[in-house]
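Beneath this line is the structure, given in structure tokens, with notes to follow.
This is the structure we're talking about:
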């Protein structure tokens with residue numbers, strides 16, 4: 098029990114799997130040795146891939162250090178432009194042909210300038226470490242907006258029975274399943290319900306562990322976000338009969354007329370048939386998993402195949418650093434122009450959230466393990482393509498869910514059935530939070546998925562186009 102642990106002296110063995118920062122050491126992760134017949138993929142090295150990720154991470158940190166409030170690699174920011182530069186630099190360094198940028202007009206982009214979120218109880222005013230405004234929040238009047246807080250559980254209909262929330266800010270617990278993709282406030286419509294019940298603002302308490310900082314939207318109305326630890330502290334104050342108020346101050350603008358670009362490069366092969374490799378470039382905050390991991394895997398595939406003589410590359414490989422879909426068009430252009438843009442494409446691979454550490458809940462703490470997390474997966478194509486994919490996953494220890502997704506998501510969503518496609522993806526608790534940091538992406542995870550995709554490309558190159566396509 099926790100009591101017994103507190104009474105016991107420290108174990109002299111310490112924490113043998115953790116580094117000085119308390120993260121799982123890279124060399125502590127389970128690593129499956131290469132099979133003899135897969136030695137041609139030995140050049141795809143986890144440390145090299147992690148170094149790519151760290152370079153992308155540094156772009157985000159520079160954007161933060163410049164003072165950008167909603168920082169990272171978001172569309173319309175210098176961080177995104179520098180990511181385009183980074184992708185183009187590696188395309189040119191590896192002698193790709195026809196390297197160019199494809200510009201897109203992007204919709205109005207939200208730009209916060211300053212914000213504060215403060216709480217008051219019993220004459221005392223304080224701020225909380227995880228408190229963040231909602232993405233898209235409008236400017237408040239001078240002095241901000243003040244609301245009394247009410248705890249509303251998960252914000253279900255049952256939680257409102259006998260409660261009058263008119264004019265107040267309701268605190269709602271948001272249960273990740275496992276992250277911000279299928280979380281409870283989204284699947285149960287909790288934010289909309291709060292405003293329908295007369296609430297003037299919504300405070301989202303994200304998670305069932307830790308204290309993650311996230312900027313979730315509150316339907317264009319006043320609101321704020323808190324991590325689990327901070328949210329429970331407020332809940333307990335309210336439970337003790339205290340009156341708690343929140344003050345929200347925001348100055349923001351919406352910037353129109355912006356453009357952002359995708360970056361293309363071509364590695365020619367012995368035929369005009371193409372394999373398309375995609376990784377989106379935009380990302381909230383450090384965005385190590387979403388999607389520095391995909392960009393790192395793309396560069397690993399690029400270097401691997403660029404070092405193979407053209408005479409041994411049966412098909413052309415096109416690499417696409419996609420503009421991104423968080424607040425941009427993603428790959429919609431490919432779907433909308435598939436008869437021309439995908440005319441020669443025999444297979445498309447989307448690299449998105451491709452390697453995360455596996456976790457385990459223990460009370461209010463999410464603990465990291467020394468294993469790579471299983472992923473959701475998607476294959477659209479023939480039985481022979483499927484067999485190649487699953488064999489490659491097995492060889493390189495890429496774990497996936499037992500059931501395959503009913504469609505692709507993220508960058509590949511709209512084009513998932515336009516041509517044969519493959520995707521693995523995982524969206525954990527830290528997705529879109531300020532805690533999506535490099536320690537969540539193990540080098541061995543990058544290595545095994547990149548090696549698997551390299552083998553899948555080789556396997557696909559051994560099949561004719563019609564043998565890759567799904568049965569009629």
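Residue numbers (our numbering): 98 to 569.
No residue lacks a Cβ here, since even glycine has one placed at the ideal position from N, Cα and C.
The DSSP-derived three-state label of residue 470 is coil. With a cut-off of 8 Å on Cβ pairs, the segment 411 to 423 is not in contact with the segment 479 to 494, counting fewer than three such pairs. Taking the C-beta atoms as reference points, residue 398 is found no nearer than 9 Å to residue 190. Between the beta-carbon of residue 224 and that of residue 348 there is about 17 Å, and that puts the pair past the 8 Å contact cut. Look at residue 377 here: in three-state DSSP terms it is strand. Following the DSSP letters along the chain, one finds residue 491 in no beta strand (DSSP E) but inside the alpha helix (DSSP H) bounded by residues 480 to 492.
Taken in chain order, the complete beta strand (DSSP E) segments of 3 or more residues contained in the segment 274 to 315 are 298 to 303. The Cβ atoms of residue 157 and residue 143 lie no closer than 9 Å to each other. By the Cβ criterion, the segment 351 to 360 is not in contact with the segment 335 to 342, since fewer than three pairs of Cβ atoms, one from each stretch, lie closer than 8 Å.
In the three-state reduction of the DSSP assignment, residue 127 falls in the coil class, being assigned neither a helical nor a strand state.
Ranking 141, 236 and 197 by CA distance to the CA of residue 418 puts 197 first. With a cutoff of 9 Å on beta-carbon distance, residue 362 and residue 194 are scored as near each other.
Contact check for residue 393 against residue 126 fails: the beta carbons are separated by 9 Å or more. A residue is called buried when at least 16 other Cβ atoms come within 10 angstroms of its Cβ; residue 226 does not meet this threshold and is exposed. The beta carbon of residue 199 is closer than 7 Å to those of 358, 359 and 361 in its chain, skipping five residues each way along the sequence. Nearest to residue 320 by C-alpha distance, out of 228, 119, 369 and 396, is 228. The beta carbons of residue 498 and residue 514 sit no closer together than 9 Å.
By the Cβ test, the segment 128 to 140 is not in contact with the segment 163 to 171, since fewer than three Cβ pairs between them sit closer than 8 Å. Classified as exposed, residue 501 has fewer than 16 neighbouring CB atoms from the shown chains inside 10 Å of its CB. For residue 402, the uninterrupted alpha helix (DSSP H) run begins and ends at 390 to 403, by DSSP. By alpha-carbon distance to residue 260, the top candidate from 272, 246, 271 and 273 is 246. Checking the DSSP bridge columns, you'll see residue 357 partnered with 201. Looking at the DSSP output, residue 206 shares a beta bridge with 352. Under the 8 Å Cβ criterion, the segment 383 to 391 does not count as touching the segment 427 to 441, having fewer than three qualifying pairs.
Counting C-beta atoms within 10 angstroms of its own C-beta, residue 339 has fewer than 16 neighbours from the protein chains shown and is therefore classed as exposed.
Note that the segment 518 to 534 touches the segment 270 to 279; at least 3 beta-carbon pairs, one per stretch, sit closer than 8 Å. DSSP places residue 147 in the helix class (H, G or I) of the three-state scheme.
Residue 477 counts as buried, since no fewer than 16 other beta carbons sit within 10 angstroms of its beta carbon.
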